[in-house]
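Count along the sequence shown from 1, add 29, and you get the number used in the numbering used here.
Ideal Cβ placement from N, Cα and C applies to all residues, glycine included.
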Amino acid sequence: MSKSDLHLINTGKIVEDPNLRLKVPLFEEESQRCNYSDARDRLISVAQPTGFSDQLIGGSKKPVESKESHDKRMKKEQIKVYMITYISYALIHAQREFWSLSKPYITAEHPQELTKSDLSKFDTAQLFFYAFFLYVCGVLGDSYNQRHVLTIAFFFLTIFFALLSLPGFFGWTSHPYYYFVQIFIGVFNSFLLPCMIAIMGNWFPKKNRGFIVGMWATCNNFGNIAGIQLAAWLLHVFDGKWQWLMIVATVTSGLITAVVFFYLIPHPLDVGLIVEELTEEEVLIAAATEQDVFDNVIRDSIAQPEEIQQQVRSSQQFRRLSMQGSETSKGGKISFWRAWLLPRVMLYSSAFFCTKLAVYALLLQLPTFLKTSELYYSDQEVANLSTLIDIGAMLGSIALGFISDLMYGKRSPVALMAVLFAIVISFVLSFNVYDMSQALLFLMMFFMGFFISGLNNMISASCSADLGKQEALKGNTKAISTVTGIIDGTGTLGTAAGQFIISYTSTNWGWQDGYLKIIAFDITLTLIPIIKIVYDEFKELRIIQSSAVPMGLNGWSEIKKEEK
């Protein structure tokens with residue numbers, strides 16, 4: 030280790046990792062940084078496992094970790110974080126299916142006191158409180174330790190799931206009691222997604238976030254599929270006693286609480302790990318696209334690519350972006366109102382309002398449409414179609430995220446493609462649904478799930494994480510939870526508005542005009558914010574390409590090639 034390295038370590042902040050007994054320096058001043066790769070190597074060089082030669086750190090001997098060991102430990106921790114958050118959120122979605130399948134049994138037990146309309150009102154109350162508190166809880170997720178926030182949320186969800194089972198055991202029909210329990214289930218549910226997306230954004234860099242976080246977002250659909258199958262089996266086992274479904278949800282939520290508290294690590298820095306948000310090549314391209322660097326170095330340059338790269342490396346923009354590219358501190362939080370004003374947050378929130386309205390209109394109203402309209406589908410056929418939509422959503426979430434990674438992490442061109450396909454499919458359905466064969470209807474619904482539900486997952490997960498770590502924050506990393514809360518809260522308001530609108534239009538205009546056409550027009554409205562985002566991002570992509578080529582790079586595809 031060089032003297033300059035020792036100077037940086039001795040003058041930098043030292044964060045001790047109580048588990049590994051390591052000390053990791055956190056550099057806050059730009060003057061303490063050299064180039065991107067040097068900074069990363071120096072940060073990694075202070076975290077080696079026992080068995081390597083000791084280095085003097087701050088006057089005392091500490092074990093030093095190799096890059097290979099660091100990366101191996103990083104992969105292990107990433108898998109652990111991924112699995113804990115995926116299973117946890119999938120089980121919450123499974124509980125929602127437990128409640129959905131319990132409702133017919135509740136109304137059968139108390140046909141006068143608890144009607145379908147009453148249960149719908151309880152759900153609507155939960156939905157509005159969930160939407161409102163998403164805005165609040167997003168800020169909390171950036172203000173406090175996310176592991177603690179999630180532990181508290183799961184603990185109280187465990188309590189309220191247990192309370193929801195009591196009317197089944199004691200025959201209670203009190204409406205205020207159901208409102209009380211459902212509202213607080215909505216409140217504590219709102220803590221979960223913002224914190225989990227923030228954790229995923231902390232652990233997985235932008236270069237493959239679309240694919241990885243897109244896969245993670247399938248936990249919604251996996252939970253729906255597993256929940257409806259498990260609920261049907263449990264109702265058979267318990268002879269239709271729905272309260273035992275809530276007991277199963279209580280036990281699983283309690284187990285999740287313990288796992289999250291003892292094993293979930295919200296940030297890599299908590300265990301002395303460094304995540305490269307951007308590779309060195311990406312930092313080069315990003316720095317070169319800034320106007321003064323582009324004008325002074327790139328435009329009309331006749332220098333060799335290596336010389337141009339060296340000039341870009343010497344720029345202030347490269348040094349600043351290098352500091353942001355490898356997270357060495359957790360940063361501070363931003364205000365709720367400032368998060369709204371971040372580039373594209375409002376536009377993606379508007380798009381998510383429309384997509385989530387369409388997705389939940391399909392999920393919640395489609396069974397009623399198929400069973401009460403002229404189609405007369407059986408319960409099993411409805412269940413099969415719902416499962417097919419969820420499978421389409423899972424595949425779409427992964428595919429759309431992967432394709433967007435290949436476009437320098439620009440998600441809007443993929444979003445536009447998905448919206449256009451969904452518009453065509455939805456209008457074909459709205460005009461021809463009664464003339465379609467069952468096989469064709471199932472195929473169309475699969476692609477509706479693929480495009481609109483897949484896009485919905487991509488916006489709520491990958492786009493939220495990108496927007497919460499964008500360059501406009503200038504290194505302030507504590508915004509993912511706040512941005513996720515804003516986007517998902519706005520989308521949930523769309524869900525609530527959609528249920529209100531469709532309940533009115535389907536009654537007064539019929540199912541074909543008041544349900545399917547409303548969904549088609551809603552998806553069409555998504556074009557307004559998406560086209561604006563596409564216009565801005567295509568300009569950025571052109572600048573990226575014009576900056577990358579003179580440096581001997583070829584944009585995003587070249588970066589992928591060099592990494593291999």
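Inclusion of Pro295 and Gln175 in the CB contact set at 8 Å is warranted, their separation being smaller than that value. Counting every other CB atom within 10 Å of its CB across the protein chains shown gives Gln124 a total of 16 or more, marking it as buried.
Counting only the Cα atoms, His177 lies some 18 Å from Ile214. Our two residues, Thr536 and Asn485, have alpha carbons roughly 27 Å apart in a direct line.
Following the DSSP letters along the chain, one finds Trp271 in no alpha helix (DSSP H), marked with neither H nor E. Fewer than three pairs of CB atoms, one per stretch, sit closer than 8 Å, so the region 189 to 201 makes no contact with the region 237 to 248. Residue environment: Glu566 is assigned as buried (16 or more neighbouring CB atoms within 10 Å of its CB, all protein chains considered). DSSP places Val300 in no alpha helix (DSSP H); its state is neither H nor E. For a cut-off of 8 Å, the C-beta gap from Val563 to Pro372 is around 14 Å, too long to register as a contact. Comparing alpha-carbon positions, the option among Asp434, Tyr405 and Phe217 lying closest to Thr180 turns out to be Phe217. The C-alpha of Gln141 lies about 16 Å from the C-alpha of Phe151.
For Thr416, the CB contacts under 6 Å within the same chain, skipping 5 residues up- and downstream, are Ile254 in chain order. The closest CA to that of Ser510, considering only Leu274, Met103 and Pro223, is found on Pro223. The Cβ atoms of Phe184 and Thr286 sit closer than 8 Å to each other. Between the C-alpha atoms of Pro196 and Gln272 there is a straight-line separation of about 8 Å. Counting along the chain, no alpha helix (DSSP H) covers Asp542, and no H or E run does either. In this structure, Phe220 sits near Ala182, with a CB-CB distance shorter than 8 Å.
Within the model, the alpha-carbon separation for Glu403 versus Asp464 is close to 11 Å.
Nearest in C-alpha terms to Ile303, of all of Ser95, Thr524, Asp419 and Asp408, is Ser95.
Sorting Arg102, Ile212 and His122 by C-alpha distance to the C-alpha of Ala160 places Ile212 at the top. Between Leu429 and the set His204, Asn237 and Tyr164, the nearest pair of CA atoms involves Asn237. Your pair Asn250 and Met423 checks out as a contact, with CB atoms roughly 5 Å apart and the cut at 8 Å. One thing to note: Ile418 has its Cβ no nearer than 8 Å to the Cβ of Ser459.
Taking a cut-off of 8 Å for Cβ pairs, the region 542 to 562 and the region 380 to 395 touch, as three or more such pairs fall below it. Counting along the chain, Gly230 sits inside the alpha helix (DSSP H) bounded by residues Leu221 to Trp232.
Scanning its chain for C-beta atoms nearer than 8 Å, with the 5 sequence neighbours on each side dropped, one finds around Phe431 the residues Gly239, Phe240 and Gly243, in chain order. Under the criterion of beta carbons closer than 8 Å, Tyr164 and Gly514 qualify as touching, at roughly 6 Å. Taking C-beta atoms as the reference points, Asp299 and Ala227 fail to come closer than 8 Å. Between Leu522 and Phe382, the CB-CB gap stays under 8 Å.
Annotation note: the region 146 to 196 contains no uninterrupted alpha helix (DSSP H) run of length 4 or greater. Only buried fits Phe158, as 16 or more other CB atoms lie within 10 angstroms of its CB. DSSP, reduced to helix, strand and coil, places Lys439 outside both helices and strands of the structure shown, so it counts as coil.
In the structure shown, Glu142 adopts coil according to DSSP, grouped into three states. Annotation: Lys400 to Met474 spans about 16 Å, alpha carbon to alpha carbon.
Taking the Cα positions, Leu143 is about 16 Å away from Lys270.
In terms of Cβ geometry, Gly252 and Gly497 do not form a close pair [threshold 8 Å].
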